[in-house]
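Here's the structure we're looking at; comments come further down.
Numbering (the numbering used here), first residue to last: 534 to 690.
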């Protein structure tokens, strides 16, 4: 295969980064009318689909730093969209759940956001979507495993 026809890892990475930036901007624009930032939206969406979660679970699942998670929960709590309480069996654990107002907002927002995403991805056939899903999943798993292996080698050195 010629150099021009080969799709190098560097070229693919650049295309992925440009696509990620465009899709992230699209996602942010999709929710801008709600007054929510993307991290706030992610937290609300997670609580809608997963139910009450601890602060640690939210940070891990949303891939947010602990400080960013706390800031998002604080903002959402001030807007009466979430409330904090204690875990039913472990009073040391703080749990976050949607309020009725928060559930109403995220259901409406998520529905519109889902429609926007479907519209954006309309040019992709079902086969394209499957291939993209499978390829990105494989790439993410490989990168995570490689990072873990590198970290373990550095710890032993």
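In this text, a Cβ means the ideal position worked out from N, Cα and C, and glycines have one as well.
Query	Result
Cβ pair count under 8 Å reaching 3, the segment 613-631 against the segment 578-596	yes
Cβ distance (whole Å) where residue 638 is taken to contact residue 669 below 8 Å	Not a contact, Cβ separation roughly 30 Å.
Complete alpha helix (DSSP H) runs within the segment 601-686 (minimum length 4 residues, chain order)	633-653
Spatial distance of residue 578 from residue 646 (CA atoms)	11 Å
Where the alpha helix (DSSP H) containing residue 544 begins and where it ends	542-564
Beta-carbon proximity list for residue 601, same chain, < 7 Å, skipping 5 on both sides	572
Reduced DSSP category for residue 597 - H, G, I as helix; E, B as strand; rest coil	coil
Secondary structure of residue 586, DSSP reduced to three states	strand
8 Å Cβ shell around residue 653 - same chain, five flanking residues per side excluded	556 and 559
With 16 other Cβ atoms within 10 Å as the buried cut-off, status of residue 565	exposed
Cβ separation of residue 665 and residue 635, assumed to be a contact under 8 Å, to the nearest whole Å	Actually they are not in contact, since the Cβ atoms of residue 665 and residue 635 sit about 32 Å apart, beyond 8 Å.
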